[in-house]
Amino acid sequence: MLIQQLSPQRNRNRTKAIAARDVRMVYQSRAERHQVLKGIDLEIPRGACHVLMGPSGSGKTTLVSILAGLLTPTAGQVFLLDREITQLSPRELTRFRREHLGFVFQGFNLFPALSAAENVEVAFNVKGIRGKAAVAGAQSLLDLVGLGDRRHYRPCDLSGGQKQRVAIARALVGEPEIIIADEPTAALDAQNGQAISQLLHHLAKEQGCTVLLVTHDPRLLKYADTVHYLEDGQIQPQDSSRARFYLNSVA
Amino acid sequence: MVSIARKNLLEDLPRFLVAQAGIMFAVGLVAIQTGILNGFTRSTVRLIEDSEADLWVASEKIVHFELTEPLLTSQLEEAEQIPGVAVAEALLLGVGRWQTPQGQPDPLKIVGFDPQGQLFQPGYISEGTVNSLLQPYQVMVDRTRLTSLQAEGIGVNGTVNQLPARIAAITEDSQSIPASAFVFTSLDNANTYLTSSLSTKVNCQLQENDNLRCTKVYENSGAAAEVNPGTAPAILPLSQTDAITYILVKAQPQQDLTALKQKLEAALNETRVLTTAELSQITRQFWQTKTGVGWILGLGAAVGVVVGMVVVTQILYASVSDHLKEFGTLKAMGASNGLLYRIVMEQALWMAVLGYVPGMLLCVSISVFAAGQGIVILITPLTAAAALGLVVVMCLGSGALAIGKVIRLDPASVFKA
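So the protein lines, in turn, are chains A and B.
Reading the first sequence from the start, the letters are residues 2 to 252 in this note's numbering.
Reading the second sequence from the start, the letters are residues 205 to 621 in this note's numbering.
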């Protein structure tokens with residue numbers, strides 16, 4: 002079984018899953034220059050569940066895009082698994098994402114024409130695994146997220162929570178060391194939101210993944226090993242008055 | 205491997221069917237237009253290609269099969285004497301006018317040949333016999349032209365150039381589409397039809413090599429009086445000084461045709477000798493390039509390709525746009541551009557194949573139906589293969605236009621709600 006092959010102790014010699022050094026991002030248009038990130042310094046250790054919170058417009062989406070290797074910062078360095086991804090070529094970055102990262106999105110981003118199993122199989126195909134191995138792997142991962150009996154369902158026949166479980170199964174393909182989840186509970190009701198949060202926390206604890214959750218949802222805080230608060234393009238100390246005010250207000 | 209392309213394609217069935225209809229339209233236009241062009245040009249060379257001749261001796265001023273200058277009948281005997289010639293036969297072409305007692309006049313192309321000869325094949329004779337043409341004023345016409353000649357079939361009497369003519373046989377697959385109705389008859393009958401209303405005189409000139417070259421000159425003696433079968437003039441047998449149009453030559457076995465061509469051209473003054481393939485080629489080329497027919501039919505085919513490409517591009521572009529989020533997700537997951545190319549191109553290929561097969565079946569059905577109406581739409585295996593190639597290129601081209609949107613896609617867009 003693919004999941005049983007995952008080792009919770011893998012790559013423990015790497016102390017940091019994600020690190021950012023003075024990351025800045027400026028969006029320049031003809032009319033104006035907008036600095037979204039103003040020197041982010043961040044360290045996320047391996048093998049736990051970490052939450053990045055912040056109000057709308059704080060720069061969360063830009064920061065997570067940069068940390069995922071999908072966006073190049075204007076300045077600064079980003080390290081994933083001790084490798085500086087800001088020095089990688091686009092081709093190398095694509096390969097790095099394929100080998101080390103998994104993604105979960107707010108809108109699920111499943112192929113509507115494909116069944117649950119096929120959506121997971123596509124991720125195997127992207128990683129070069131085809132045929133029976135991909136089919137068996139998809140079945141194992143759907144079993145893991147509790148959807149083994151829904152493998153032939155298309156996304157339109159699944160609930161929001163079930164869609165997100167399929168997306169998580171897809172993110173687990175290839176045993177990624179880092180899973181980046183962007184607002185994974187935003188489109189879910191409270192019950193499904195809690196179930197998904199528990200699942201991601203379980204993956205971090207039991208499977209040895211590093212899970213970075215980007216969210217507004219205060220219900221996720223109880224599953225967080227660390228919380229990073231982003232406001233106005235900067236990481237604020239958790240005990241700062243702005244962070245405390247925000248966390249209290251959303252709670 | 206999961207076929208995202210096929211699943212995406214069939215996800216929205218109405219849109220898929222619209223796309224396939226567009227491709228079928230393109231296939232139909234290309235195949236039908238080129239089929240009509242093929243059928244048209246094939247019809248113009250049917251008599252040439254169906255003949256058993258190896259070589260055709262024609263005037264050096266020949267333009268194409270139906271447009272050439274006459275030869276002298278005496279040159280037929282000269283040709284027969286040339287070593288390497290197994291058989292030589294005359295063919296006489298000329299224009300005329302057909303009229304039934306109650307009908308309107310209709311232009312004709314009179315084709316005189318030797319009904320007992322071996323080389324000229326006037327199509328497939330479905331009614332009557334070729335030997336009946338040996339009788340005076342007996343003719344044979346193609347079945348597709350019976351209507352224009354206002355004739356029901358065998359036994360109909362009319363006039364050709366105001367001389368009596370009786371339809372004694374019906375042939376098929378002989379008629380050139382752009383030409384006037386062919387009326388096949390014996391060489392003597394043809395000579396009579398073509399010369400009876402003309403007075404003749406013989407002009408002889410002493411040539412540089414002391415040979416005497418004689419030419420019969422025909423002059424119109426005015427409108428001939430109406431003639432009925434009982435009072436018809438006697439048939440005028442083809443004489444040495446009469447005009448013929450071609451000498452068909454069958455070479456002896458193992459004969460080098462190139463050498464024989466040279467010998468014939470050297471021996472027969474003011475002639476050009478063509479192989480059957482060469483005569484066919486210049487005739488096809490004339491109709492395809494010297495007339496507007498090829499251009500017009502080619503334009504129709506081009507319109508089909510353009511329309512098909514626009515439809516396929518729109519459908520593919522819309523399909524790609526609808527799935528940008530998923531394509532972005534694949535990019536974020538680490539899918540290479542090659543994989544994304546394959547998905548879009550596979551979708552384009554599916555569209556090509558699924559549009560081509562029913563489109564071509566429809567075209568073949570139309571061509572079969574049209575053949576029953578006397579319209580030749582010739583869809584050859586080469587035409588079908590070329591149409592498939594064209595549709596595949598058209599769809600892949602459309603895919604290439606659509607894929608730019610995927611390749612330019614910012615993978616970070618997946619985080620935007």
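Ideal placement from N, C-alpha and C gives every residue a C-beta, glycine not left out.
Inset, instruction - Using a Cβ-Cβ cut-off of less than 9 Å, give me the residues of the stretch 535-552 of chain B that come near chain A, in sequence order. - result: Lys535, Ala536, Met537, Gly538, Ala539, Ser540, Asn541 and Leu543
Legend entry - First and last residue of the uninterrupted alpha helix (DSSP H) at valine 217 (chain A): Per the sequence shown, residue 217 (chain A) should be read as histidine rather than valine. Premise fails: histidine 217 (chain A) is in no alpha helix (DSSP H) and is neither H nor E.
Inset, instruction - Identify the contact partners of glutamate 215 (chain B) in chain A, using a Cβ-Cβ distance below 8 Å as the criterion. - result: Pro113 and Ala114
Inset, instruction - Within the stretch 292-331 of chain B, note down every full alpha helix (DSSP H) run reaching 4 residues or more, in order along the chain. - result: none
Legend entry - Contact with chain A by isoleucine 607 (chain B), beta-carbon distance below 8 Å: no
Legend entry - Test: valine 65 (chain A) CB closer than 8 Å to a CB of chain B: yes
Inset, instruction - Give me the Cα-Cα distance between isoleucine 4 (chain A) and lysine 206 (chain A), rounded to the nearest whole angstrom. - result: Caution is warranted here: a pLDDT of 35 is assigned to isoleucine 4 (chain A), below 50, making its placement in the model unreliable, and no coordinate value can be reported.
Legend entry - Same chain only: Cβ atoms within 7 Å of serine 247 (chain B), ignoring 5 sequence neighbours per side: Gln379, Ser380, Ile381 and Val580
Legend entry - Candidates B:Pro305, B:Arg349 and B:Glu356, of which the one nearest leucine 367 (chain B) by Cα: B:Pro305
Inset, instruction - Can you tell me which of the three DSSP states proline 233 (chain A) falls into? - result: Just to set this straight, residue 233 (chain A) is aspartate in the shown sequence, not proline. Reduced to three states, the DSSP call for aspartate 233 (chain A) is coil.
Legend entry - beta strand (DSSP E) segments (min. 3 residues) lying fully within the stretch 513-576 of chain B: none
Inset, instruction - Compare the Cα-Cα distances from lysine 465 (chain B) to each of B:Pro457, B:Arg476 and B:Gln458 and report the closest residue. - result: B:Arg476
Inset, instruction - Reducing DSSP to helix, strand and coil, say where cysteine 157 (chain A) ends up. - result: helix
Legend entry - Inter-residue spacing [alpha-carbon to alpha-carbon] between asparagine 126 (chain A) and alanine 134 (chain A): 10 Å
Inset, instruction - Give, in chain order, every residue of the stretch 164-197 of chain A whose Cβ lies closer than 7 Å to some Cβ of chain B. - result: Asp183
Legend entry - Closest Cα partner of glycine 559 (chain B) within the set B:Val596, B:Asp254, B:Ala436 and B:Arg546: B:Val596
Inset, instruction - Could you tell me which residues DSSP puts in a beta bridge with tyrosine 450 (chain B)? - result: B:Leu295
Inset, instruction - Would you mind telling me which residues of chain B sit closer than 9 Å to valine 146 (chain A), beta carbon to beta carbon, in chain order? - result: None at all; the shortest Cβ gap to chain B is about 17 Å.
Legend entry - Nonlocal neighbours in the same chain, by C-beta distance under 8 Å from glutamine 6 (chain A), ignoring five residues either side: Because glutamine 6 (chain A) carries a pLDDT of 36, less than 50, the predicted location of this residue cannot be relied on, and no value is offered for it.
Inset, instruction - Sort out for me which residues DSSP pairs proline 368 (chain B) with in a bridge. - result: B:Thr363
Inset, instruction - Please check the pair glutamine 140 (chain A) and alanine 118 (chain A), which I expect to be a contact at CB under 8 Å, by giving their CB distance rounded to whole angstroms. - result: 7 Å
Inset, instruction - Compare the beta carbon distance of threonine 487 (chain B) and leucine 461 (chain B) with 8 Å and say whether it is the shorter of the two. - result: no
Inset, instruction - Say whether the stretch 491-499 of chain B touches the stretch 287-299 of chain B, bearing in mind that this needs 3 or more beta-carbon pairs closer than 8 Å, one atom from each stretch. - result: no
Inset, instruction - Determine, using beta carbons only, whether alanine 522 (chain B) comes closer than 8 Å to chain A. - result: no
Inset, instruction - Spell out whether any CB of chain B is found under 8 Å from the CB atom of phenylalanine 80 (chain A). - result: no
Legend entry - Buried or exposed by the 16-neighbour rule on C-beta atoms within 10 Å, applied to arginine 92 (chain A): exposed
Inset, instruction - Inspect the CB distances between the stretch 323-332 of chain B and the stretch 255-271 of chain B and report whether three or more fall short of 8 Å. - result: yes
Inset, instruction - With a threshold of 16 other CB atoms inside 10 Å of the CB of threonine 389 (chain B), please say whether the residue is buried or exposed. - result: buried
Legend entry - Cutoff 6 Å; reference glutamine 235 (chain A); Cβ partners in own chain excluding five residues on either side: Lys39
Inset, instruction - Buried or exposed for asparagine 335 (chain B), please, with buried defined as at least 16 other CB atoms from any protein chain shown within 10 angstroms of its CB. - result: exposed
Legend entry - Span separating the alpha-carbon of valine 234 (chain B) from that of valine 222 (chain B): 19 Å
Inset, instruction - Output the residue ranges of the alpha helix (DSSP H) runs that lie fully inside the stretch 62-137 of chain A and measure 4 residues or longer, sorted by chain position. - result: 91-101 and 117-127
Inset, instruction - For glutamine 458 (chain B), count neighbouring Cβ atoms within 10 angstroms of its own Cβ and tell me buried if that reaches 16, exposed if not. - result: exposed
Legend entry - Proximity test, Cβ basis, 8 Å: phenylalanine 619 (chain B) and chain A: yes
Inset, instruction - Determine the direct distance from the alpha carbon of leucine 391 (chain B) to that of asparagine 407 (chain B), and round the result to whole angstroms. - result: 23 Å
Legend entry - Within-8 Å CB hit, lysine 211 (chain B) to chain A: yes
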